[in-house]
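Colleague:
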């Protein structure tokens with residue numbers, strides 16, 4: 228490839244190296260944030276980015292302001308692994324408040340229905356299996372789904388009539404975990420991507436002939452990120468103030484725990500970093516194929532303890548997809 232450089236105008240006293248320097252520090256890794264209630268995901272990312280003074284940040288999976296729990300935030304090179312986390316399984320624990328339905332299916336919405344029906348725990352347990360497996364689910368009207376270029380929640384707030392299409396999603400398991408009183412039931416679910424808890428609560432209430440909405444929601448896990456490796460904003464701020472911010476940072480490769488690893492030589496690492504594929508030995512190919520799930524091809528290449536690249540295994544070769552600039 229030929230690279231063309233256009234000369235920049237030089238002004239007296241200007242330091243071009245400073246002009247080209249990105250704002251912030253080079254910080255690479257994941258923060259498993261235990262997001263507080265009433266904070267938006269974008270605000271959470273901004274807070275973390277400022278705390279680390281990081282050049283680049285992003286999150287893996289939006290968490291509503293009315294929900295608390297696990298929000299994985301990627302800094303620097305970790306942003307290249309965000310797509311892997313979007314596919315990760317998630318665990319949610321939520322409470323359905325019977326008797327009242329709202330237009331947003333949460334406690335901030337306008338009331339659209341009332342009922343004296345209070346489903347029993349046994350009735351809820353009997354209804355849940357219909358929502359486990361691959362199901363068609365229509366997102367809630369108050370959601371970030373785009374309709375003709377506009378967000379559904381903006382259209383809903385403006386009173387505009389529109390239809391959302393059902394989509395195929397997977398709920399791996401669903402169980403009742405608590406029922407503190409007749410008005411409330413707590414449910415825990417393990418899901419694939421794209422599942423809306425509020426849609427599940429809406430459809431469950433409909434199935435049981437009741438009115439209901441989500442009164443509490445917590446995400447307990449996103450792939451390898453859970454309460455075990457989570458930090459709060461308060462604890463992160465304390466780490467930063469004592470100069471120990473790295474204690475709150477997880478390795479870039481944390482997001483790749485389900486992906487087979489391959490140790491590569493210095494020469495092969497160099498080739499992968501240059502965007503060139505490497506040829507594997509037959510025994511390496513067989514070992515990787517045995518560890519890959521059906522249809523999967525993604526392999527992570529490591530030079531010692533350093534992540535070099537995410538690659539695709541094809542015809543006995545590793546072809547680099549995403550190359551990491553880590554030391």
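Residue numbers (the numbering used here): 228 to 554.
Backbone N, C-alpha and C fix where the C-beta goes; we use that ideal spot for every residue, glycine too.
#1: Which same chain residues, not among the five before or five after residue 333, have their C-beta less than 7 Å away from its C-beta?
#2: For residue 216, does the three-state DSSP call read helix, strand or coil?
#3: Smallest Cα separation from residue 266: which of 280, 507, 296?
#4: By the DSSP assignment, the alpha helix (DSSP H) with residue 274 in it spans what residues?
#5: Determine the extent of the alpha helix (DSSP H) in which residue 465 is found, giving its start and end residues.
#6: For residue 472 and residue 278, which I take to be in contact (beta-carbon distance under 8 Å), what is that distance rounded to the nearest angstrom?
#7: Note down the Cα distance separating residue 348 from residue 446, rounded to an integer number of angstroms.
#8: Nearest to residue 362 by CA position, among 269, 465, 499, 395, is which residue?
#9: Identify, in the order they occur along the chain, each residue of the same chain with its Cβ nearer than 8 Å to the Cβ of residue 250, setting aside the five sequence neighbours on each side.
#10: Within the same chain, show all residues whose beta-carbon is closer than 8 Å to that of residue 524, passing over the 5 residues directly before and after it, in chain order.
#11: Leaving out five residues on either side along the sequence, give the residues of the same chain with a beta carbon under 6 Å from the beta carbon of residue 415.
#12: What is the residue span of the alpha helix (DSSP H) that residue 513 lies within?
#13: Out of 305, 459, 271, 303, which has the shortest C-alpha to C-alpha gap to residue 290?
#14: Does the beta-carbon of residue 338 have 16 or more other beta-carbons within 10 angstroms, so that it is buried, or is it exposed?
#15: Fully enclosed by the segment 373–431, which alpha helix (DSSP H) runs are 4 residues long or longer?
Modeller: On the basis of the supplied data:
#1: On the chain shown, residue 333 is found 106 positions in, with the first residue counted as 1. The answer, listed in chain order, is 293, 425, 440, 441.
#2: The structure shown does not extend to residue 216, since the chain is modelled only from 228 to 554, so the question has no answer here.
#3: If you number the chain shown from 1, residue 266 lands on position 39. The shortest Cα separation from residue 266 among 280, 507, 296 belongs to 296.
#4: Counting from one through the chain shown, the residue named residue 274 turns up at place 47. That run of the alpha helix (DSSP H) goes 268–279.
#5: In the chain shown, residue 465 corresponds to position 238, counting from 1. Here the alpha helix (DSSP H) through residue 465 covers 460–468.
#6: Taking the chain shown and counting its residues from 1, one reaches residue 472 at position 245. Taking the chain shown and counting its residues from 1, one reaches residue 278 at position 51. With 8 Å as the limit, residue 472 and residue 278 qualify as a contact, their Cβ atoms being about 7 Å apart.
#7: Numbered from 1 along the chain shown, position 121 holds the residue referred to as residue 348. Numbered from 1 along the chain shown, position 219 holds the residue referred to as residue 446. Using only the alpha carbons, I get a separation of about 22 Å.
#8: On the chain shown, residue 362 is found 135 positions in, with the first residue counted as 1. Of the listed residues, the one whose Cα sits closest to residue 362 is 395.
#9: Working through the chain shown from its first residue, we reach residue 250 at position 23. Around residue 250: 282.
#10: As a first step, residue 524 is located in the chain shown; it is residue number 297 there, counting from the start. Excluding positions up to five away in sequence, the list reads 539, 540, 541.
#11: Taking the first residue of the chain shown as 1, we reach residue 415 at position 188. 320, 402, 404, listed in sequence order.
#12: For this step, residue 513 is matched to residue 286 along the chain shown. It spans 509–518 - the alpha helix (DSSP H) in which residue 513 sits, taken as one unbroken run.
#13: Walking along the chain shown from the start, residue 290 turns up at place 63. Per the Cα distances, 271.
#14: As a first step, residue 338 must be located in the chain shown, where it is residue number 111. Exposed, by the Cβ-count rule.
#15: 379–384
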